[in-house]
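The structure appears right after this line, and notes come after that.
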Amino acid sequence: MIKRFLTVIMMIMASHLFALGTAETADFNWQDASWEEILEEADGTEVSFHMWGGDSAINEWIEGYVAEELKKRYNVTLNMVPMNALLFVDRLLAEKEAGRTGGSIDLMWINGENFKRTKEAEALLGPFAHKLPNFNNYVDPETAKYDSGYPTNGYEVPYGQAQFVFEYDSAADHGWLPESFASLPQWVRENPGMFTYPEPSDFTGSAFIRQVFIAITGGSQQYLEGWDPELYEKNAPLLWEYLNDIAPYLWQRGRSYPRELSVLDSMFERGEVAINMNFTQANAQSRIIEGRYPETVRTFVMEEGTISNSHFTAIAFNAPNPAGALVLSNLLLDPAVQASKNDPANWGDFTVLDMEKLSPQDRARFDAIDLGEATLSPDELKAAAVQEIPSEYLEALQNDWFIHVLEK
Amino acid sequence: MIGSSTFLKNRNSFSGKRSFFKGELYKLTPLLIPGLMLAAGILYTLQLSLQPADLSAYQAALAQPGLVRNIFFSLYVAAISTVVSIAAGTALAYLVWRLPSAYGRWGQAFLVPLVLPHIAVGFLVLLWFSQTGILASMFERLSGVFPLASSFQSPLFKGNGAGIILGYVYKSTPFALLLIMPVLRRIPKNYLQTGLMLGASEFRCFYKIILPRLVPGISAAAIIIFVYSFGAYDLPFIVGESRPRMISLYLYRLYFTRPIAERPTAAALLLLVFLCGIAMVMLYARAVRPAEERERKL
């Protein structure tokens, strides 16, 4: 019995040694190669794309349209690996710790906390953004500088963008629409019970209070340098004062907050509250198409702006096919591909390209997309976008809300 | 309960046999599993709460804002839910018992809510009592026919725990009925008839003859309902308010959504709440002991 057990262990170890010995090692020097040489290197290869696979519309778009374009244009085969980001990031970090050179991940869809973790563990290949023609030609580098307040330094490139928006029913009469965070308290007082936000343990509720925090303390710029506890201690009380002032006029006089966004969604659908919020620009339009919202629902943003953040692609430090990963990452920034992604009929995910850098023909692709009546125009959204702040602020605000607002 | 009754039976049949400890105690070893799980959980939590090497985690736990309010709120919700469910369950059991035995089976219909998960009960409470629920629309219809003073005011989310209590009462009343019914069935019906013949009112008969004999069923049901409604998470999540909030929601946030460095505080709080629950059960047991002793004498 024990003998058999040992044999199995030996076999496992041997197979691992074998794997280590024969794993493809990426000896291609992509840093010094020209883009043509990279294309040549990638020709005829297979590239793996590790990404969150929880949305069938997104999966279909990647496996269908993107895979076809990649094959047609560059003769590269796409292998989509749908997986929770936490899982493949953990695997990558384990590979890094074990010093495994031949990995299994080429390109990954990551952002925020996961990017920070992998970057700090030096588990990413880069910087590579400057190698991509589409990044250099079409992306405003300012918009790709930070990921949730953490500097990207060219180790990841954006490929999609989300922005916080408010929703209201234009057919319902509530006097006027609050167009700024400065005037929101007055609107709430005049319409008692018609406004609330999810508890900040919810993703969107957290974004809402962060939004107010940025707006009433003088913008997000001051927070981008990283976590500054003194700055936080100085500014956070302004937020608590703001939220406590409106609390008695919120839904249920602030004694109850919707536990999650889905609860606020159904309250808005039933007309119990007048304003809803979401982190997807075209959410209202999708809901109208689904039949959950009346056709008269519209989207708006506040004068002080609303948080906008991007999702990114990055390359594993031990990618077996770095050239293929670069080609795929570049393809995802192609104007035609970005326009296809932006179409609500495909995915509806907003573009990260700078419209002013596009040729008239490419710009026309975006103009032709029907985002629907309910969605704001890309220009209006862009004008209102403010940058995401570091995740330490997010966590502190989220927790302190329970102390200073709920349980005060 | 099943375990203890077979245990007693076996003990009686085993008088005189020496193999009792060897044979019978061995059969009880499955009880070790839940026991060990609980002991390990308590030890782990205790060790976690003492990780800072002093009592600072306990100080931090007691300094959590809103703690006292939330504990009292949870006790209040659990107490009201228990009292109402027990009263309703006892009354229903009595009424079913009084039915001619041909109809007795219909009493089973009251047990239906037992099979509903708490999530579904939460949904029912929302469906009936929310501001846009069935009651609200019924009120709206009726106000067209009768001049009702004002429109329907939903009792939910007002900060008084009404939604949670409604849910627990709906779910626990049949449970109380289930535990009280067998006790009631053991009481010979002619006790009641004798009392009535001697001229006592039915209420007096119930109070003097029936109720004292129901004490074992009532106290078992009451403890289970109380402890469950004090600590459960599902109904408070769906129909509970944010402030005050049930202790389960409060603990969940501290334990699972805070940085790992704050786990000792959450663990300390968890232990304190656990002790609080045990204290309540012991107080209760002491309070009902005289009544139980009286029942035994009957």
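Going down the list, the protein sequences come from chains A and B.
FYI, my numbering numbers position 62 of the first sequence as 52, with every residue one higher than the one before it.
Just so we're on the same page, my numbering is the position in the second sequence counted from 1, plus 1.
Even glycine gets a Cβ: it sits at the ideal position worked out from N, Cα and C.
As the structure is a computational prediction, the values presented were derived from the model and not from experiment.
In the structure shown, residue 154 of chain B adopts coil according to DSSP, grouped into three states.
When the Cα atoms are used, residue 53 of chain A and residue 68 of chain A turn out to be separated by approximately 8 Å. The Cβ-Cβ distance between residue 205 of chain B and residue 188 of chain B does not fall below 8 Å. Nearest C-alpha to residue 92 of chain B among B:194, B:178, B:239, B:220: B:178.
In this structure, residue 115 of chain A sits near residue 305 of chain A, with a CB-CB distance shorter than 8 Å. Any Cβ of chain A closer than 8 Å to the Cβ of residue 66 of chain B would place that residue at the interface, and such an atom is present.
Comparing C-alpha distances from residue 223 of chain A to each of A:238, A:207, A:78 shows the shortest one belongs to A:207. Proximity of chain A to residue 242 of chain B at the Cβ level (cut-off 8 Å) is accounted for by 242, 245, 246, in chain order. For residue 161 of chain B, the closest of A:276, A:243, A:352 by C-alpha to C-alpha distance is A:243. CA-to-CA, the gap between residue 219 of chain B and residue 211 of chain B works out to about 12 Å. By the Cβ-count criterion, residue 113 of chain B is exposed, with fewer than 16 other Cβ atoms from all chains shown falling within 10 Å of its own Cβ.
Going by beta carbons, residue 55 of chain A and residue 32 of chain A fall outside the 8 Å limit. At a cut-off of 8 Å between beta-carbon atoms, residue 46 of chain B makes no contact with chain A. The Cβ atoms of residue 190 of chain A and residue 145 of chain A do not sit closer than 8 Å to each other. Under a criterion of Cβ atoms nearer than 7 Å, the residues of chain A adjacent to residue 133 of chain B are, in order, 260, 262.
When C-beta atoms of the stretch 119 to 128 of chain B are compared with those of the stretch 167 to 181 of chain B, three or more pairs fall below 8 Å, so the two segments count as touching. Membership of residue 58 of chain B in any beta strand (DSSP E) is not indicated; the residue belongs instead to the alpha helix (DSSP H) covering 57 to 63. With its beta carbon less than 8 Å from one in chain B, residue 392 of chain A belongs to the interface. Here residue 259 of chain A is not bridged, per DSSP, to any residue. For residue 98 of chain B, the enclosing alpha helix (DSSP H) covers residues 68 to 99. Using a 10 angstroms sphere on the CB of residue 55 of chain B, the tally of other CB atoms stays under 16, which defines it as exposed. Among the bridge pairs identified by DSSP, residue 97 of chain A is matched with A:39, A:305. Taking a Cβ-Cβ cut-off of 7 Å, the neighbours of residue 249 of chain A in chain B comprise 238, given in sequence order. Counting only unbroken stretches of 4 or more residues, the alpha helix (DSSP H) elements lying wholly within the stretch 117 to 184 of chain A are 123 to 128, 174 to 180, in sequence order. Going by DSSP, residue 288 of chain A is part of the beta strand (DSSP E) stretching over 287 to 290. Runs of the alpha helix (DSSP H) spanning 4 or more residues and lying entirely within the stretch 212 to 263 of chain B occur at 212 to 232, 235 to 240, 248 to 257, in chain order.
Nearest Cα to residue 279 of chain B within the set B:117, B:158, B:229: B:229. Annotation: residue 65 of chain A is outside any alpha helix (DSSP H) and is labelled neither H nor E by DSSP. For residue 83 of chain A, the closest Cβ of chain B is not nearer than 8 Å. Inter-segment contact for the stretch 246 to 256 of chain A and the stretch 224 to 244 of chain B is present: three or more beta-carbon pairs are separated by less than 8 Å. According to the DSSP assignment, residue 104 of chain A belongs to no beta strand (DSSP E) but to the alpha helix (DSSP H) extending over 103 to 110. Proximity of the stretch 384 to 392 of chain A to the stretch 192 to 203 of chain A meets the contact definition, three or more beta-carbon pairs being nearer than 8 Å. Taking a cut-off of 8 Å for Cβ pairs, the stretch 20 to 36 of chain A and the stretch 325 to 339 of chain A do not touch, as fewer than three such pairs fall below it.
Around residue 396 of chain A, the beta-carbon contacts reaching into chain B at under 9 Å are 66, 67, 243, 244, 246. Chain-ordered, the chain B residues with CB closer than 9 Å to the CB of residue 191 of chain A read 254, 258. The alpha-carbon separation between residue 299 of chain A and residue 131 of chain B amounts to approximately 36 Å.
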